[in-house]
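Protein chains in written order, with my numbering: chain Y, 792 to 1229; chain G, 792 to 1229.
Beta carbons: idealized from backbone N, C-alpha and C, even for Gly.
No experiment lies behind these values; they were computed from the predicted model shown.
The structure is reproduced here in structure tokens:
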């Protein structure tokens, strides 16, 4: 175990090629496996980009280095200075002949979870030992794809003229209604954790910043315990002025489509590691109305009346019928939040949309109400008190342009891109009713 | 007031050039000012990218449109279809002859804060009416520069092989010590809001993800009320494995330098709007030791003994002496957090650094302790109980590589880039002891 490392890494495993035969490299990582066969030892070193085989014949490396290597155990952290030896039979066409070894840190054994194990442990055990679970290439692949997706989303939004903002997560009053909020003790006062940046991004539409986005945590004190919900999530939020629901849907299509393309082009190795069939969606997604959606559900034997929110069963029935990504539009005003703009001709329906992937809702958006009187009326209609919305409502009095926006769940979008069934697979340290650690 | 807009914007004000003489455009924004001089009306329309002059001679626009325009008031939201008329005497060399007007929304008057006013109101009034305050180009410029900075920071980190992560803000136990935490009621349990992603990003160093970054809110229940502190802030955090403090400082220099360059190159207009002298820093920043720093302070008559943290007075004295950006290194171990790696030769000092801009600390970092026994010993030495760190400590038992990292305050960095004296100028909706709204 060392306090100060002798070297710096010169190459990740994936950067070494057989053509580098004879070249000296320094590699660093974890002992993925070690096998001593008499006078030769095989060590597989694992780093972020893959694995590399180190072959140490006693005769070539000498007694001292040989016995040093022999003492290594699984998951020890090592640095190896060695020579690249092209070898057609070795994995990736080369192996490393070690010249010098530094044991950087050792691993206690047995491990509570073995990263080299083929059969994965139960999810709960894995989450308890997330730092070991994350050593498995399949698990790391999910988070590399997630990072790529976030990068792609921001690039699309920058290109579309959006400005990044940070809105507060500590808020004074119960807002929006609907979802439960977590209360905080804020000095002498009570405050709450923001369930979404909705009211703030709308207020920003009155500023002339025009197009804003934020990627940040949201907090929902909902009691349900499903494979699609967490109490802390990462939300990709946009809001755009001088725009309607159709404009917002166009941006959402670009964001989602480009993320698929960027993951496909830049994360081929991770897609392969996950062993998934990765297909690019069309550039434009199907659009069905709420009416059509409930017709599909009813036709499949799931009873649902007009005006009801889609039950889990209805979502599943519709998801079976629809392929990949699709919008559901023209929702009943009754079941959408107070700030949703009603349709001009038929105020019973509104300019809201959900973006679905099969049976999973990944985004929700709408054109919002920008007219003060209509907004106050709608707040009251939902049984809420306009007095709780003073600051928000102020922004609608002095020149608020029409605007629209959406929230896209980063965790759920990662589920779609990596084809995971449980949202906990796509969050490093998930938070649910039961789990608040690590 | 309209529910559905007739048109979409074809050009922002800044996109229109005198060479477009005769071309038809649709512009949208707020009535910045209106002046009727008998049979001619001048309207200045303001959008995100600037202002444009609309000139409406009664004789040319006709009675109906003329009287429509005459009724406009300050801060009404309008769309104008008009013709570009090159005119050397007009601002930017052109004006717009209106052909058609749509009043999209009206503004109640008087305004609680006038965006067109030359003399700004008190900060408190401005923050109360932030949506109006943000209509002022000088205020918007700060947030455009902030967005540019965040984009630049991420680009540098992507280029340096960092992966973006999201760590939880809801945490189970009082961690780190030092700063006060906000308690949350989490279903049946008590939880806390994360004061920094420190322990999580360190745990991730045991995973092999190697280089991670996160830009996210942090929450500190500190009681002080200064121009440099907020209770909710945005922190840019990185952590890198197989690295020491010097490696982390190199990355920090690149991140900060590149952000200066990107703001300088891409936000010239905003720099001009702010009226600031914007100078690029050198690529490498000066480095002084803590010992040298207290010598400077003492020489300037600020009494400070070795082992004390730098007082505000000491920071000011040192800031007067040092120019621009500089590191302070080799801090006494006593005054740095428990996870800071002590120096091999002299454990009284440690591998910590602060990045200062004049008298403002904008970043703090260190090589961390990766050795389990030393870490436990240090936790105890600081009077903390290792039992409170179970999950964190587990990650150090099974192969933790040496690692280093830093946190860079996004709000403070924005202060530096925009030359603001109060952190509240650089946060859309600041949170302090007194302010929890809007």
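- request: My understanding is that residue 841 of chain Y touches residue 837 of chain G, with C-beta atoms under 8 Å, so please give their C-beta distance in whole angstroms.
  value: Not really, about 54 Å apart at Cβ, beyond 8 Å.
Boundaries (first-last residue) of the alpha helix (DSSP H) holding residue 856 of chain G: 849-861
message: What residue range does the alpha helix (DSSP H) around residue 1169 of chain Y cover?
response: 1163-1172
- prompt: What do you reckon, are the CB atoms on residue 1071 of chain G and residue 1093 of chain G nearer than 8 Å?
  reply: no
- prompt: Taking only runs of the alpha helix (DSSP H) that begin and end inside the stretch 1072-1142 of chain Y, which ones reach a length of at least 4 residues, in chain order?
  reply: 1081-1090 and 1103-1112
- prompt: Is residue 984 of chain G closer than 8 Å to residue 1010 of chain G when the C-beta atoms are compared?
  reply: yes
message: Let me check you understand the geometry: is the CB of residue 868 of chain G closer than 7 Å to at least one non-hydrogen atom of the ligand ATP?
response: The ligand ATP is not part of this structure, which contains no ligands at all.
message: Looking at chain G, is there any beta carbon in it that lies within less than 8 Å of the beta carbon of residue 811 of chain Y?
response: no
query: For the candidate residues Y/870, Y/874 and Y/829, whose alpha-carbon lies nearest to that of residue 858 of chain Y?
result: Y/829
- request: Given a cut-off of 8 Å, decide if residue 1114 of chain G and residue 1261 of chain G are closer than it, judged by their beta-carbon atoms.
  value: The structure shown does not extend to residue 1261 of chain G, since chain G spans only 792 to 1229, so no value can be given for it.
task: Please confirm whether residue 872 of chain Y and residue 832 of chain Y have their CB atoms less than 8 Å apart.
output: no
- request: Ignore the nearest five residues each way along the sequence and tell me which others in residue 1166 of chain Y's own chain have a CB closer than 8 Å to its CB.
  value: 1129, 1130, 1160, 1184 and 1187
- request: Starting from the Cα of residue 877 of chain Y, find the closest Cα among Y/1006, Y/801 and Y/810 and give me that residue.
  value: Y/810
- prompt: By how many angstroms is the C-alpha of residue 943 of chain G removed from the C-alpha of residue 1064 of chain G?
  reply: 21 Å
- prompt: Do three or more CB pairs link the stretch 794-806 of chain Y to the stretch 849-869 of chain Y at distances below 8 Å?
  reply: no
- prompt: Comparing alpha-carbon positions, which option in Y/899, Y/848 and Y/1024 lies nearest residue 890 of chain Y?
  reply: Y/848
field: Residues near residue 902 of chain G in its chain [Cβ-Cβ closer than 8 Å; skip 5 each side]
entry: 865, 866 and 923
field: Interfacial residues, the stretch 1201-1229 of chain G to chain Y, with Cβ spacing under 7 Å
entry: 1219, 1220, 1222, 1224, 1227, 1228 and 1229
- prompt: Leaving out five residues before and five after residue 1218 of chain G in sequence, what residues of the same chain have Cβ atoms less than 6 Å from its Cβ?
  reply: 1202
field: Cβ contact (3+ pairs, closer than 8 Å) linking the stretch 1023-1038 of chain G and the stretch 1163-1181 of chain G
entry: no
- request: Would you be able to state if there are at least three C-beta pairs under 8 Å between the stretch 1073-1087 of chain G and the stretch 1096-1107 of chain G?
  value: yes
task: List the endpoints of the continuous beta strand (DSSP E) containing residue 1158 of chain G.
output: 1151-1158
task: Would you decide whether residue 1096 of chain G is buried or exposed? Buried here means 16 or more other CB atoms lie within 10 Å of its CB.
output: exposed
message: Can you list, in chain order, the residues of its chain with a C-beta nearer than 7 Å to that of residue 851 of chain Y? Leave out the 5 residues immediately preceding and following it.
response: 888
query: Out of curiosity, what's the CA-to-CA distance linking residue 885 of chain Y and residue 815 of chain Y?
result: 13 Å
task: Please confirm if residue 866 of chain G has its CB atom under 8 Å from at least one CB of chain Y.
output: yes
task: Leaving aside the five residues before and after residue 1123 of chain Y along the sequence, list all residues of the same chain whose C-beta is less than 8 Å from its C-beta, in chain order.
output: 1081, 1097, 1098, 1139, 1140 and 1141
- request: Could you tell me which chain G residues have their CB closer than 9 Å to the CB of residue 1122 of chain Y, listed as they occur along the chain?
  value: Under the 9 Å cutoff, chain G gives no residues; its nearest Cβ is about 17 Å from residue 1122 of chain Y.
- request: Taking only beta carbons into account, state which residues of the stretch 1035-1055 of chain G come closer than 9 Å to chain Y, listed in chain order.
  value: 1035 and 1038
message: Cβ closer than 8 Å: which chain Y residues qualify as neighbours of residue 820 of chain G?
response: 999
task: Over the uninterrupted beta strand (DSSP E) stretch that includes residue 828 of chain Y, give me the two end residues.
output: 815-828
query: In chain G, what lies closer than 8 Å to residue 1161 of chain Y by C-beta?
result: 896
query: In three-state terms, what does DSSP make of residue 1033 of chain G?
result: coil
- prompt: Along the chain, where does the beta strand (DSSP E) that runs through residue 1203 of chain G open and close?
  reply: No beta strand (DSSP E) contains residue 1203 of chain G, which is instead part of the alpha helix (DSSP H) from 1201-1209.
- prompt: Looking at the C-beta of residue 1172 of chain Y, does it have a partner C-beta in chain G at a distance below 8 Å?
  reply: no
task: Look up residue 874 of chain Y in the DSSP assignment and say whether it is helix, strand or coil.
output: strand
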